[in-house]
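Take 1 as the starting number for the sequence shown in UniProt numbering and just add one per residue. Cβ coordinates follow ideal geometry from the N, Cα and C atoms, glycine included.
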Amino acid sequence: MSIKVLAPGLATTVQDDGRTGLRHLGIGCAGALDLYSHAVANLLAGNAADAATLEIALSGPRLRFREPARIALCGAAIDAEVDGTAIPGWRPVQLPAGSTLALGRCRKGARAYLAVAGGLALPYTLGSASTDLRGGFGGVHGRALAAGDVLEPGAGDVSAVERLWIAPWWIDGTPDLDLSTPSRIRVLPGRDATTPADALFAGRWRVAAASNRQGLRLEGDALALADARERISEPVAPGTVQLPPDGCPIVLLADAQTHGGYPRIGHAIRADRPRLAQLRPGDALRFVPCTPAEAHEAACAQRRRLTRIALAIDSRRDADA
């Protein structure tokens with residue numbers, strides 16, 4: 001079975017849960033920016049939560065499926081049609097052989113995730129199939145999809161169907177994709193203070209057009225550094241909030257570098273990174289303070305929700321069998 005890329009979309013990459021344990025060697029993690037939507041899409045398609053998916057940024061590709069396939073779309077609300085018939089997100093969809101899936105623009109949110117039953121059969125590089133765009137490895141030759149690329153799904157239990165079939169049940173992703181304006185992002189205090197100390201939380205910020213998978217660049221009233229002297233580079237990670245000399249914060253995402261010299265004024269908690277992943281240029285956000293205990297509980301609550309979703313999907317699939 002193969003999937004041919006007829007048109008690549010704006011920036012479509014292969015991503016899984018990313019690479020871990022290699023930052024001391026200067027190798028970032030990459031992986032899906034919105035790990036929550038990525039996991040739910042996989043569960044709906046019948047995969048393990050960490051299987052490789054296609055991460056679609058702002059505008060999607062057009063794909064032809066040679067054989068029958070089961071897919072699921074989660075994350076941003078995206079225009080999606082199979083041979084001219086609109087399909088919804090957050091539920092399993094069975095495609096007959098020869099189907100063409102056309103994914104248009106993301107109407108709400110910035111990134112959608114397409115999971116295919118069996119995952120995507122791609123070689124692992126340093127323990128992951130994720131595309132590292134900055135390093136140029138992983139995924140499909142270390143780059144975004146291009147017209148003419150052919151993807152091979154892994155071995156999946158997919159029944160042949162003669163026509164498009166959409167499951168009557170769905171998963172509601174709204175609680176974990178709070179795209180209210182402005183989005184509230186919980187932040188742990190950083191080592192480097194600004195003046196005044198709570199200026200980061202008092203500010204109102206908008207996502208700049210220069211944002212990418214490495215980080216969200218923000219626009220707003222510039223923050224002043226308590227100590228403007230240059231400093232030695234220190235470790236950073238996805239979620240780190242840096243303050244460059246222009247006074248406008250940068251929130252690092254999955255393709256973040258491993259070290260940086262900008263002051264680290266906070267750290268966005270893991271549970272809120274799916275919200276960061278769904279912010280588009282021009283979207284508003286504000287930071288709110290958080291304690292380590294609150295961050296831990298938020299992460300645990302998100303994991304519990306994914307576990308409940310996995311159990312619900314299994315029970316519905318058994319009922320449909």
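Would residue i pass as a contact of residue j if the rule is Cβ separation under 8 Å?
i, j, result
"Val5", "Thr131", "no"
"Leu43", "Ile309", "yes"
"Ala39", "Asp16", "no"
"Arg275", "Ser211", "no"
"Leu200", "Ala295", "no"
"Gly239", "Arg273", "yes"
"Ala30", "Gly138", "yes"
"Gly156", "Ala117", "yes"
"Pro88", "Pro68", "no"
"Arg316", "Trp169", "yes"
"Glu55", "Tyr113", "yes"
"Arg213", "Val158", "no"
"Ala144", "Ala115", "no"
"Asp283", "Arg206", "yes"
"Leu127", "Arg231", "Here the sequence assigns Gly to residue 127, which means Leu is not the residue at that position. Not a contact, by the Cβ cut-off of 8 Å."
"Gly104", "Asp255", "no"
"Pro153", "Leu120", "yes"
"Ala268", "Val241", "yes"
"Pro263", "Asp192", "yes"
"Ala271", "Ala293", "no"
"Pro8", "Ala146", "yes"
For residue i, count neighbouring Cβ atoms within 10 angstroms of its own Cβ and tell me buried if that reaches 16, exposed if not.
i, result
"Asp176", "Residue placement at Asp176 is flagged as unreliable, the pLDDT there being 48, under the threshold of 50; a coordinate-derived value is accordingly withheld."
"Ser99", "buried"
"Ala312", "exposed"
"Cys300", "exposed"
"Gly46", "buried"
"His141", "exposed"
"Asp172", "exposed"
"Arg186", "buried"
"Thr307", "exposed"
"Pro249", "buried"
"Gly215", "buried"
"Thr85", "exposed"
"Gly261", "exposed"
"Gly136", "exposed"
What does a CB cutoff of less than 7 Å around residue i pick up in its chain, not counting 5 residues either side in sequence?
i, result
"Ala208", "Arg217, Leu218, Glu219 and Pro281"
"Leu10", "Ala57, Leu58 and Ser59"
"His259", "Ser233, Glu234, Pro235 and Val236"
"Arg111", "Leu33, Asp34, Glu55, Ile56, Ala57, Gly75, Ala76, Ala277 and Gln278"
"Leu22", "Leu126"
"Gly161", "Looking at the sequence provided, one finds Val at residue 161 rather than Gly. Hits under 7 Å: Pro68, Gln94 and Pro96."
"Asp221", "Gly203"
"Ala48", "Asn42"
Looking only at its own chain, which residues have a Cβ that is under 8 Å from the Cβ of residue i, when we skip the five neighbours before and after it?
i, result
"Arg107", "Ala76, Ala77, Ile78 and Asp79"
"Ala41", "Thr53, Ala72, Leu73, Cys74, Gly75, Tyr113, Leu114 and Ala115"
"Trp90", "Val40, Leu44, Ala72, Leu73, Cys74, Trp170, Ile171, Asp172 and Gly173"
What residues in its chain sit with their C-beta under 6 Å from that of residue i, if we drop five residues either side in the sequence?
i, result
"Arg303", "none"
"Trp165", "Gln94"
"Val150", "Ser2 and Lys4"
"Pro245", "none"
"Glu81", "Ala102"
"Gly26", "Thr258"
"residue 391", "Shown here, the chain extends from 1 to 321; a query on residue 391 therefore has no answer."
Exercise for the section: Count the C-beta pairs between the stretch 288–295 and the stretch 53–73 that are closer than 8 Å, then say yes if the count reaches three, no if not. Expected result: no
Problem - Residue ranges of each beta strand (DSSP E) within the stretch 225–267, 3 or longer - result: 240–242 and 250–252
Problem - Whole runs of the beta strand (DSSP E) within the stretch 130–213, excluding any shorter than 3 residues - result: 183–189 and 205–207
Exercise for the section: May I have a chain-ordered list of the beta strand (DSSP E) segments no shorter than 3 residues that lie completely inside the stretch 48–111? Expected result: 53–57, 62–65, 69–82 and 92–95
Practice task
Go through the stretch 264–291 residue by residue and report every complete run of the alpha helix (DSSP H) that reaches 4 residues or more, in order.
Solution key: 273–277
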